[in-house]
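Notes follow the structure.
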Amino acid sequence: MDVVGRIWSMVTLAGLPRAMQIGIYGLAGVVAGMALLLARVSNATSYLSDDPLTCINCHVMTDAYASWQRGSHRQAAVCVDCHVPHGNLVAKYAFKGRDGLRHSYVFTRGTQPQVLELSAGAGPVVQSNCVRCHDHQIMMVLASLLQGAPAALGLRPGQGGRGQDGLATQGRDALATRCWDCHQNIHGEVRSLSASPAELRPGLPAAGLDWMKPGE
11 MDVVGRIWSM
21 VTLAGLPRAM
31 QIGIYGLAGV
41 VAGMALLLAR
51 VSNATSYLSD
61 DPLTCINCHV
71 MTDAYASWQR
81 GSHRQAAVCV
91 DCHVPHGNLV
101 AKYAFKGRDG
111 LRHSYVFTRG
121 TQPQVLELSA
131 GAGPVVQSNC
141 VRCHDHQIMM
151 VLASLLQGAP
161 AALGLRPGQG
171 GRGQDGLATQ
181 GRDALATRCW
191 DCHQNIHGEV
201 RSLSASPAEL
211 RPGLPAAGLD
221 WMKPGE
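Going from the sequence shown to the numbering used here is simple: count from 1 and add 10.
Written out as C-alpha cells, the structure reads:
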C-alpha cells in the first residue's frame, strides 16, 4: 500500500466498527468546535497584529493599557515596540508565543501577582528597546558628561560602543543600570490590580458572543 493509501485508511478509520468510527468522528468534532470557540472568544488572530487592544484581551492588562493610552509613549510607540524584540520576525513572534502561553497559563489559573512586574526574560528586551528608541538622547547625555563621570552613573566601558570615552551604547555592556531604575513608573504610579480607579479602565474588546445575552 502506498503512502497516500495508508494516510487515507487512517483518516477513514478503516477496519473499525461503524459505531466506533461515528464516536471518534463525533468526539473530534466536539474538540474542534471547542478549539474554534476558544480561538474566537480569545481573539486569537489578534495576537498576530501589533494592535495595543490585543493586550486587553486579558482583563488584568486593562490598567496598563489605560496608563499607556494617557501617557507620553502613546504618541510614539505601541505595546510591542517596547515589550518584544525587534531583531527579526522569528525572534519577535517566538517571544510573543512563549510569553503569550505563559501569560495564558498564569491568568487562567488566577495566579498573577497584584502588582505586575517585568519577568527576568522580559527585562533585557525592554532595556534593549529603550536604548533602540532613545539612543540619540543617551548619546547627548554621554557627550555632556565630564571625564570619569560615567562611572559614577553605573556605566561601564564596552567594546562595541559609539559613545565618548569608549562607552558602549548597545549590547550587554551598554548599561550596568536599567533605564527604569531612574525613570520609574513608565505606566504611571504603581498600583495593585484591585486598587486602580475603575473610571480609567477601558472597555474590553467584543468577543463576538452577543447571541449569549442572558434573558433572551
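Glycine included, C-beta positions come from ideal geometry on N, C-alpha and C.
Three-state secondary structure (DSSP) at alanine 162? Taking the first residue of the sequence shown as position 1, residue 162 is located at position 152. Its pLDDT being 45, under 50, alanine 162 is placed unreliably by the model, and the measurement read from it follows with that caveat. Under the three-state reduction of DSSP, alanine 162 is assigned to helix.
Specify the secondary structure class of glycine 15 as computed by DSSP and reduced to three states. Along the sequence shown, read from residue 1 onward, the residue named residue 15 stands at position 5. In the structure shown, glycine 15 falls within a helical segment according to DSSP collapsed to helix, strand and coil.
What is the DSSP secondary structure of proline 123, reduced to helix, strand or coil? For this step, residue 123 is matched to residue 113 along the sequence shown. Under the three-state reduction of DSSP output, proline 123 falls in the coil class, being neither helix nor strand.
Indicate the three-state DSSP secondary structure (helix, strand or coil) for histidine 38 in the structure shown. Stepping through the sequence shown from its first residue, residue 38 is reached at position 28. Per the sequence shown, residue 38 should be read as alanine rather than histidine. The answer is helix: DSSP assigns alanine 38 an H, G or I state.
Can you give me the start and stop residues for the alpha helix (DSSP H) that aspartate 60 sits inside? By one-based count along the sequence shown, residue 60 stands at place 50. For aspartate 60, there is no enclosing alpha helix (DSSP H), as DSSP marks it with neither H nor E.
Just the C-alpha distance for valine 14 and glycine 43, rounded to the nearest angstrom, thanks. The residue given as residue 14 occupies position 4 in the sequence shown. The residue given as residue 43 occupies position 33 in the sequence shown. Between the alpha carbons of valine 14 and glycine 43 lies a distance of about 27 Å.
Threonine 187 (DSSP reduced to helix, strand or coil): In the sequence shown, counting from the first residue as 1, residue 187 sits at position 177. Taken through DSSP and simplified to helix, strand or coil, threonine 187 comes out as coil.
Measure how close the beta-carbons of histidine 5 and serine 77 come, nearest whole angstrom, since I'm counting them as under 8 Å. Outside the displayed span of the chain (11 to 226) sits residue 5, for which this structure offers no information.
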